[in-house]
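*Asks:* Below you'll find the structure I mean.
There are 2 protein chains.
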Amino acid sequence: MNTREQILSKNYEAMCLHGFQGLRTDKVINELGITKGAFYHYFSGKKELGYAIVDEIIAPHYIGTFAPLKNSKNGSIEAITSVLEYLKGCSSRETIHIGCPLNNLVQEMSPLDDTFRDKLRGIFEAQKDLLVIALSRGVENGELKEGIMVEDVAFYIISGIEGSYALGKAFQSKKVFDRSIDQLIGYVRLLKKD
Amino acid sequence: MNTREQILSKNYEAMCLHGFQGLRTDKVINELGITKGAFYHYFSGKKELGYAIVDEIIAPHYIGTFAPLKNSKNGSIEAITSVLEYLKGCSSRETIHIGCPLNNLVQEMSPLDDTFRDKLRGIFEAQKDLLVIALSRGVENGELKEGIMVEDVAFYIISGIEGSYALGKAFQSKKVFDRSIDQLIGYVRLLKKD
DNA sequence: CCAAGAACATACAAACTAGTATGTATTTAA
DNA sequence: TTAAATACATACTAGTTTGTATGTTCTTGG
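Heads up: the protein sequence lines correspond to chains W and P, in order.
Here the first sequence stands for residues 1 to 194, where the numbers follow my numbering.
Here the second sequence stands for residues 1001 to 1194, where the numbers follow my numbering.
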């Protein structure tokens, strides 16, 4: 991992815990054993580092997680519940305590910085679009009930995910997160035609 | 409004926008036209101010919103959907842009400060308890389907609410919030026996 | 081989920020 | 009425934190 990647990665970790405003870049730099010279060589400032973290770490990760929805073979509901199960599987007690980095950043920075806001909204929009693709396919091939508001359901699924992270964090409990996701899975299954 | 209440209230507003770490108490004090002397007379420090805001503003507000669940006459589902409708009604474009102050604070401070974490978790716990009361009554008097996991559903409803706030904030859209809450209302109605 | 830019290191500055120390006016209680 | 506590104001400090200016080494293309 080169210096730029190290700076990005360590600052991302620190930002997950302390938030963007609470992130102290110089502390991270010290921990890495490098100096300010390296930092300001690669990034013109703290904000630009933040934007780079969003573009190069957060966005690829969150869009990648939803990518399987694009062309799923076992039906759209199965594809969606697979994503939800995956979220349960890849989250540990520690990650739940920290919460969803994407949501953390939205909550903190959306009202304070337009660039952050637009970039982060774009990620959610991409997730929503992928859900809409999967759900629309399910409606077209008769897998889903008729009269489903595809976009509303897509928004709602994302909201259920972020809400589960929020609650898991509030209760410091992976179990609360899992149970909430399970209820969401139950809701998604109800979209299927009997 | 006395000086202490002014300090609490204005700092609360600023904290909703900037977060606790981003809150600059001296800036708020200047805007109020008072000085540091007044602030440190009433609060021993920034953290203690934060705790007071949680205890005296946030907790009463959020628990109050859920209080009608305690003894509702028109059935438990109606009581819960009423709360959800109320949340839609009392939120404007501006409040959605800022997000749910309770959730904001949880996301920011839970991993960083145990006192914040415990206080905030207590608020969610109180909300959950009130939902459990309403749902249990619904199960007992036969209003709800059998086999409902009362506590899981309670967690899930809170998660749906917080998720809706999070998404509304991410998309800077009250409409997204409303649509997500509507889906949650639809889910809650499905708990009813046909 | 050598010039030029890339990749850092070092030292310093400017602004901010929470908090303190102290002073004063006003209210309250004995 | 007077001592004491309350309710503030003023001025100052110590510690951060972001950022800059400048210097040095290393790499690389011609």
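From the three backbone atoms N, C-alpha and C, an ideal C-beta is built for every residue, glycine too.
Does the beta carbon of W/K61 sit closer than 8 angstroms to a beta carbon anywhere in chain P?
*Replies:* Here the question's residue 61 of chain W lines up with position 61 in the first sequence. A quick correction: the sequence has His, not Lys, at residue 61 of chain W. Not an interface residue.
*Asks:* Please name the residue in P/D1178, P/Q1006, P/G1138, P/L1084 whose C-alpha comes closest to that of P/Q1127.
*Replies:* Numbered from 1 along the second sequence, position 127 holds the residue referred to as residue 1127 of chain P. Here the closest residue by C-alpha is P/L1084.
*Asks:* For the alpha helix (DSSP H) containing P/K1088, name the first residue and the last one.
*Replies:* Position 88 of the second sequence, counted from the first residue, corresponds to residue 1088 of chain P. First-last of the alpha helix (DSSP H) with P/K1088: 1076-1089.
*Asks:* Taking the alpha carbon of W/V106 as the reference point, which residue from P/V1150, P/H1097, P/K1175, P/K1174 has its own alpha carbon closest?
*Replies:* Numbered from 1 along the first sequence, position 106 holds the residue referred to as residue 106 of chain W. The option with the nearest alpha carbon to W/V106 is P/H1097.
*Asks:* Could you pull out every residue in the same chain whose Cβ sits closer than 7 angstroms to the Cβ of W/R137, ignoring the five residues on either side in sequence?
*Replies:* In the first sequence, residue 137 of chain W corresponds to position 137, counting from 1. Closer than 7 angstroms at Cβ, skipping near neighbours: S76.
*Asks:* Of all the CB atoms in chain P, is at least one closer than 8 angstroms to the CB of W/L167?
*Replies:* Here residue 167 of chain W refers to the residue found at position 167 of the first sequence. By this cut-off, W/L167 is an interface position.
*Asks:* Below 8 angstroms, can you find three or more Cβ-Cβ pairs linking the region 1036-1043 of chain P to the region 164-184 of chain W?
*Replies:* Flag = no, the region 1036-1043 of chain P and the region 164-184 of chain W do not touch.
*Asks:* Of all the options W/Y42, W/K47, W/T25, W/D26, which has the alpha carbon lying nearest to the alpha carbon of W/T3?
*Replies:* To locate residue 3 of chain W, count along the first sequence from 1; it is residue 3. W/T3 has its Cα closest to that of W/Y42, out of W/Y42, W/K47, W/T25, W/D26.
*Asks:* Does W/Q183 get closer than 8 angstroms to chain P when you measure Cβ to Cβ?
*Replies:* Here residue 183 of chain W is taken as the residue at index 183 of the first sequence, counted from 1. Yes, contact with chain P.
*Asks:* Note the first and the last residue of the continuous alpha helix (DSSP H) segment covering P/L1184.
*Replies:* Locating residue 1184 of chain P in the second sequence gives position 184, counting from the first residue. Note, P/L1184: alpha helix (DSSP H), 1174-1189.
*Asks:* Is W/L87 close to chain P, meaning its C-beta is less than 8 angstroms from at least one C-beta of that chain?
*Replies:* The sequence position of residue 87 of chain W within the first sequence is 87, counting from 1. Taking Cβ atoms only, chain P never reaches closer than 8 angstroms to W/L87, which makes this a no.
*Asks:* Of all the options P/E1078, P/K1073, P/L1023, which has the alpha carbon lying nearest to the alpha carbon of P/I1053?
*Replies:* Here residue 1053 of chain P corresponds to residue number 53 of the second sequence, with the count starting at 1. The candidate whose alpha carbon is nearest that of P/I1053 is P/L1023.
*Asks:* Taking any Cβ of chain P, which residues in the region 95-124 of chain W have a Cβ under 8 angstroms from it, in chain order?
*Replies:* Residues H97, I98, G99, N103, N104, V106, Q107, E108, S110, P111, L112, R117, L120, R121, F124.
*Asks:* Confirm, please, whether the CB-CB distance from W/E162 to P/E1108 is below 8 angstroms.
*Replies:* Position 108 of the second sequence, counting from 1, holds the residue named residue 1108 of chain P. Position 162 of the first sequence, counting from 1, holds the residue named residue 162 of chain W. No, the pair does not count as a contact, with Cβ atoms beyond the cut-off.
*Asks:* Against chain P, does W/I158 count as a neighbour if the rule is that its beta carbon must be under 8 angstroms from one of theirs?
*Replies:* Locating residue 158 of chain W in the first sequence gives position 158, where the first residue counts as 1. Yes, its Cβ sits closer than 8 angstroms to a Cβ of chain P.
*Asks:* Using only the alpha-carbon positions, how far apart do P/L1131 and P/K1088 sit?
*Replies:* Taking the second sequence and counting its residues from 1, one reaches residue 1131 of chain P at position 131. Taking the second sequence and counting its residues from 1, one reaches residue 1088 of chain P at position 88. Going from the Cα of P/L1131 to the Cα of P/K1088 covers about 18 angstroms.
*Asks:* Can you tell which of P/K1027, P/T1081, P/Q1021, P/E1031 has the C-alpha that lies nearest to the C-alpha of P/L1191?
*Replies:* For the purposes of this step, residue 1191 of chain P is taken as residue 191 along the second sequence, with counting starting at 1. Comparing Cα-Cα distances from P/L1191 to each of P/K1027, P/T1081, P/Q1021, P/E1031, the minimum goes to P/T1081.
*Asks:* Alpha carbon to alpha carbon, how far is W/V188 from W/D194? Give it in angstroms, no decimals.
*Replies:* Along the first sequence, read from residue 1 onward, the residue named residue 194 of chain W stands at position 194. Along the first sequence, read from residue 1 onward, the residue named residue 188 of chain W stands at position 188. When rounded, the distance between both Cα atoms is 13 angstroms.
*Asks:* Out of curiosity, what's the CA-to-CA distance linking P/C1090 and P/D1178?
*Replies:* Reading the second sequence from its first residue, position 90 is the one you call residue 1090 of chain P. Reading the second sequence from its first residue, position 178 is the one you call residue 1178 of chain P. Distance between the alpha carbons of P/C1090 and P/D1178: 11 angstroms.
*Asks:* Taking the alpha helix (DSSP H) that P/T1035 belongs to, which residues open and close that run?
*Replies:* Taking the second sequence and counting its residues from 1, one reaches residue 1035 of chain P at position 35. Looking at the DSSP string, P/T1035 is not in any alpha helix (DSSP H), and its letter there is neither H nor E.
*Asks:* Which of the three DSSP states is assigned to W/L112 in this structure?
*Replies:* Your numbering for residue 112 of chain W matches position 112 in the first sequence. It is coil, neither helix nor strand.
*Asks:* Of the choices P/S1159, P/G1147, P/P1101, P/S1164, whose alpha-carbon is the least far from that of P/I1058?
*Replies:* Along the second sequence, one-based indexing puts residue 1058 of chain P at 58. If we check each option's Cα against that of P/I1058, P/P1101 comes out closest.
*Asks:* Is the number of C-beta pairs between the region 111-127 of chain W and the region 1167-1178 of chain P that are closer than 8 angstroms three or more?
*Replies:* They touch, by the three-pair rule.
*Asks:* Which term fits W/T115, buried or exposed, when burial requires 16 or more other beta carbons within 10 angstroms of its beta carbon?
*Replies:* Within the first sequence, the letter at position 115 stands for residue 115 of chain W. Exposed, because fewer than 16 other Cβ atoms sit within 10 Å of the Cβ of W/T115.
*Asks:* Please list the terminal residues of the continuous alpha helix (DSSP H) segment that includes P/C1016.
*Replies:* Here the question's residue 1016 of chain P lines up with position 16 in the second sequence. 1003-1022 is the span of the alpha helix (DSSP H), which, as asked, contains P/C1016.
*Asks:* I want to verify the contact list: residues of chain W whose CB lies under 7 angstroms from the CB of P/V1176, in sequence order.
*Replies:* Stepping through the second sequence from its first residue, residue 1176 of chain P is reached at position 176. Within chain W, the residues near P/V1176 are F155.
*Asks:* Along the region 1015-1028 of chain P, what residues have a CB closer than 8 angstroms to any CB found in chain W?
*Replies:* Under the 8 angstroms Cβ criterion, the region 1015-1028 of chain P contributes L1017, H1018, G1019, Q1021, G1022.
*Asks:* Taking only the alpha-carbon atoms, compute the straight-line gap between P/P1068 and P/I1158 and give it to the nearest angstrom.
*Replies:* Against the second sequence, residue 1068 of chain P aligns to sequence position 68. Against the second sequence, residue 1158 of chain P aligns to sequence position 158. Taking the straight line joining both Cα atoms gives about 15 angstroms.
*Asks:* Quick check: what's the CA-CA separation for P/Q1006 versus P/I1029?
*Replies:* Taking the first residue of the second sequence as position 1, residue 1006 of chain P is located at position 6. Taking the first residue of the second sequence as position 1, residue 1029 of chain P is located at position 29. Cα to Cα, P/Q1006 sits roughly 9 angstroms from P/I1029.
*Asks:* For a test of the three-state rule: what should DSSP assign to P/K1119, helix, strand or coil?
*Replies:* Residue 1119 of chain P sits at position 119 when you count from the first residue of the second sequence. Reduced to three states, the DSSP call for P/K1119 is helix.
*Asks:* Of all the options W/M1, W/L135, W/N141, W/K27, which has the alpha carbon lying nearest to the alpha carbon of W/A154?
*Replies:* Translated into the one-based positions of the first sequence, residue 154 of chain W becomes position 154. Per the Cα distances, W/L135.
*Asks:* Would you report the Cα separation of W/E94 and P/G1147, rounded to the nearest angstrom?
*Replies:* Here the question's residue 94 of chain W lines up with position 94 in the first sequence. Here the question's residue 1147 of chain P lines up with position 147 in the second sequence. Answer to the nearest angstrom: the Cα atoms are 32 angstroms apart.
*Asks:* Might you give, ordered along the chain, the residues of its own chain that have their beta carbon closer than 7 angstroms to the beta carbon of W/E31, omitting 5 neighbours on each side?
*Replies:* The count along the first sequence starts at 1 and reaches residue 31 of chain W at position 31. If we look at W/E31 and ignore the five residues flanking it on each side, its Cβ neighbours are K10.
*Asks:* Is the beta carbon of P/Y1165 closer than 8 angstroms to that of P/G1099?
*Replies:* The count along the second sequence starts at 1 and reaches residue 1099 of chain P at position 99. The count along the second sequence starts at 1 and reaches residue 1165 of chain P at position 165. A contact, by the Cβ cut-off of 8 angstroms.
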